[in-house]
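Beneath this line is the structure, given in structure tokens, with notes to follow.
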Amino acid sequence: MRAVFIRFIDCEGPGILEPLLREAGYRISYQNAYDRRIHLMPEIHLNFDLIVMLGGPQSVADPEEQEFFKPYYDIVNNVVALPNKKLIGICLGSQIIAKALGANVRPGTKGPETGFSDLHLLKPEHAIFNGIQKESILAFHLHEDIFDIPVGAEHLLASDFYANQMFSYKNKVFAFQTHLEPTLEMLRVWQSVHKDFIAKGTGDFSEIENKQKVMAETANTIFRNIIKL
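Position 38, counted from 1, in the sequence shown is what the UniProt record's numbering calls 38; the numbers after and before it change by one each time, with no gaps.
Structural data, given as structure tokens:
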């Protein structure tokens, strides 16, 4: 089995997700979308069993970026159309998925959502939550754009700040507005790289080491469940 991570900024990588995929027997490749000299791999939806689109500073809501995003919208539609393919989108990746599936993506009216907060499990019986015996999980946020839930998708996670944090579509496309994947090292880098954006929000960055460990426990379970589906 083969998986590819599409990165839209170099510091937003796969985090805890890569070792989980290797554990499951996947071979891993990378596509660096932030380097616009590099073209998207041809037939990428045919060459990989799993495609993961990660976070980045670009905005799906920006009309001037639509030509850049078009190949990634096409990936979503191709994965949906083909059997035995799976797609995970995180932050920007989730917004690409939402727009490709016909949902509105726009800046949130409350401004940036940053730092740690609890997410409510809206359908705890869903297969991706197998093994989680809690009504909420800890997650990390670093976004301002938000999406509506596409028609036909299942709304699975919500925060008190912005409700639409995660959905699944046909049990093969999984869109996370929130971040569950970052390692502690990634969070430290983000605090530096994204410090100006973080300063616009009012998020919780206390006890970051302990909270990352708590987050990773449930994130490992959720990602493993998705990989097994």
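For glycine and all other residues, C-beta sits at the position ideal for the given N, C-alpha and C.
Small disclaimer: the values here were computed from a predicted structure and weren't measured.
- According to DSSP, residue pairing for L87 in a beta bridge involves I51, V173.
- Looking at the backbone, the Cα of I137 and that of N225 are separated by about 15 angstroms.
- Straight across, the Cα-Cα distance linking L82 with K170 is about 12 angstroms.
- Counting only the Cα atoms, L20 lies some 25 angstroms from L40.
- Sorting G152, D145, K172 by C-alpha distance to the C-alpha of A163 places D145 at the top.
- Of the candidates G152, L54, T218, the residue whose Cα lies closest to the Cα of I9 is L54.
- Remark: C-beta atoms of P112 and K195 do not approach each other more closely than 9 angstroms.
- Spatial neighbours of K134 in its own chain (CB-CB distance under 8 angstroms, excluding positions within 5 residues in sequence) are listed in chain order as L121, T218.
- Looking at the backbone, the Cα of S29 and that of P63 are separated by about 30 angstroms.
- Note on geometry: alpha-carbon atoms of R36 and Y72 lie some 13 angstroms from one another.
- By the beta-carbon neighbour count (other beta carbons within 10 angstroms, threshold 16), Q95 is buried.
- Out of S159, S59, A158, D160, the CA that lies nearest to the CA of V105 is found in S59.
- As far as DSSP is concerned, G15 takes part in no beta bridge.
- A139 has S117 as its beta-bridge partners, per DSSP.
- Under the three-state reduction of DSSP output, E64 falls in the helix class.
- The Cβ neighbour count for S168, taken over all protein chains shown within 10 Å, is at least 16; the residue is labelled buried.
- DSSP places E185 in the uninterrupted alpha helix (DSSP H) bounded by 184-193.
- By a beta-carbon distance limit of 8 angstroms, L50 contacts K86. Their separation comes to about 5 angstroms.
- Residue pairing for I28: DSSP places it in a beta bridge opposite A3.
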